[in-house]
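Residue numbers (the numbering used here): 600 to 855.
Ideal placement from N, C-alpha and C gives every residue a C-beta, glycine not left out.
Here the structure is a predicted model, which means the values were calculated and not measured.
The block underneath contains the structure these notes are about, expressed in structure tokens.
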Amino acid sequence: MEYETITYEERERIGTITLNRPDKRNALSLELLEELSHCVQSAGKEKNVKVLIVKGAGAAFSAGHDMQQILGEELDDIRHLFDTCAELMLLMHKIPQPVIAQVHGIATAAGCQLVAACDLAVAGESSLFATPGVKIGLFCTTPMVPLSRAVGRKKALEMLLTGKFLPAREAMAHGLINMVVPDGKLEEETMGLAREIAQYSLVTIGIGKQTFYRQIEMSDAGAYHYAKEVISANAVMPDAVEGMSAFFEKRDPVWE
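Structure representation (structure tokens):
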């Protein structure tokens, strides 16, 4: 599929998706959300892609939804826009590959939601995060979902109720992002993290990612019951057998 609002490239078993509406600060239009969903789903089926990176073209990561597709539109059309966005966020959790947000400039409203929904996030030191919908009478209830799961309750509510920008280092301190790096080294550091993950078995990575998201909503007892079943089944899979054999034989593993 040829994309109009994003670009996609693969290098070193790492897929990079670039939000490509720089003149609109990569506002998440319906078309962009649909193309991003298609790209994530397609890449998720590729065995030669082990990690995905999502970044923005131009001066910002993403300023959030395209307000021109909300103001004055019919309720069903607005609901379809938010349905498409929510489905994308869930899809990123379902695919086996970890999704890393590479953030520069601003990530606001649904742009901040996208960062929070990614499995990992690396940000340039000058980047800023906000959920400012309250300022225009449109509370960020959908960004609230991944935000409240990524940061503590009080910080999430502070961001949602004030709309104030959160600097990168503070965002890291509260768990919204993993790393803050010099702006000039953002791509290098993000690729470094992606390469570190991409050296491992995609089957194993996928098992770990899926198990993480399922167990985190369970009770401790339920999570242990589920996790022990997963690790037991994992232990007899070819890549686990190969990895353990390679460890004892003091050689590098060769994954399926």
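Kindly list the residues whose CB is nearer than 6 Å to the CB of G723, restricted to its own chain and excluding five residues on each side of it in sequence; keep chain order. H703, D782 and L785
Shorter than 8 Å, the distance from the beta carbon of M817 to the closest heavy atom of the ligand NAD, or not? This structure lacks the ligand NAD, and indeed carries no ligand of any kind.
Do M688 and P745 have their C-beta atoms closer together than 9 Å? yes
Give, in chain order, every unbroken run of the alpha helix (DSSP H) that is at least 4 residues long and sits entirely within the stretch 734–765. 740–749 and 752–761
My understanding is that G774 touches P731, with C-beta atoms under 8 Å, so please give their C-beta distance in whole angstroms. Not confirmed; about 20 Å, so no contact.
Just the C-alpha distance for A700 and V653, rounded to the nearest angstrom, thanks. 5 Å
With a threshold of 9 Å between beta carbons, is E630 in contact with chain D? You won't find chain D in this structure, because it holds only one protein chain.
So, do the stretch 793–800 and the stretch 641–657 have three or more beta carbon pairs nearer to each other than 8 Å? yes
Identity of the residues DSSP links to I661 by a beta bridge: Reading the sequence as shown, one finds Ser at residue 661 and not Ile. Beta-bridge pairing links S661 to A706.
Short Cβ contact (9 Å threshold) for E611 with A797: yes
Could you check whether D665 and A626 sit closer than 9 Å to each other, using their CB atoms as the reference points? yes
Other residues of its chain near A822: CB distance less than 7 Å, five sequence neighbours each side excluded: Q814
By DSSP's criteria, L651 is part of a beta bridge. Which residues make up the other side? G614 and V698
Grab the span of the beta strand (DSSP E) containing M843 for me, first residue to last. Per DSSP, M843 belongs to no beta strand (DSSP E); it is in the alpha helix (DSSP H), P837 to E848.
Could you check whether T617 and C684 sit closer than 9 Å to each other, using their CB atoms as the reference points? no
Report buried or exposed for Q696, applying the criterion of at least 16 other Cβ atoms within 10 angstroms of its Cβ. buried
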